[in-house]
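**Student:** Below is the structure I would like to discuss, written out as structure tokens.
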Amino acid sequence: ETNLIILDEINIALSFGLLRREQMEEILHVLPSETELVCTGRNAPQWLLDRADLITEMRDVRHYYERGINARRGIEN
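Numbering (the numbering used here), first residue to last: 51 to 127.
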């Protein structure tokens, strides 16, 4: 039994049209009510935000990119 599903960067996929609203709605429909669903990524559509029980916004306080350090393979790219 799965109690937690994380759809990493799913909001970006929705915003780029890589996943349609209807497809995401079907995912939401078939999940058991006891399953926690975490949707990550920027630009979450308003309809999904309206359904959410918890919304967290992260902000960049400091990033090594600002010091000229490039993205690391397997981490940021």
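For every residue, glycine included, the Cβ atom is placed at its ideal position computed from N, Cα and C.
#1: Considering only their Cβ atoms, is the gap separating Trp97 from Arg70 smaller than 9 Å?
#2: Contact between the region 82-92 and the region 60-70 is defined here as three or more beta-carbon pairs at a separation below 8 Å; is this criterion met?
#3: Does the Cβ-Cβ distance between Ile60 and Met74 come in under 9 Å?
#4: If we ignore side chains and look at the alpha-carbon of each, how far apart do Val80 and Arg109 end up?
#5: If you scan the region 55-127 from start to end, which runs of the alpha helix (DSSP H) of 4 or more residues do you find wholly inside it?
#6: Identify, in the order they occur along the chain, each residue of the same chain with its Cβ nearer than 7 Å to the Cβ of Asp58, setting aside the five sequence neighbours on each side.
**Tutor:** This is what the structure holds:
#1: A distance of 9 Å or more separates the beta carbons of Arg70 and Trp97.
#2: In this structure the region 82-92 lies against the region 60-70, because at least three pairs of beta carbons, one per stretch, are closer than 8 Å.
#3: Yes, the pair counts as a contact, with Cβ atoms nearer than the cut-off.
#4: Computed Cα separation, rounded: 32 Å.
#5: Whole alpha helix (DSSP H) segments, 4+ residues: 60-65, 71-80, 96-101.
#6: The residues are Thr90.
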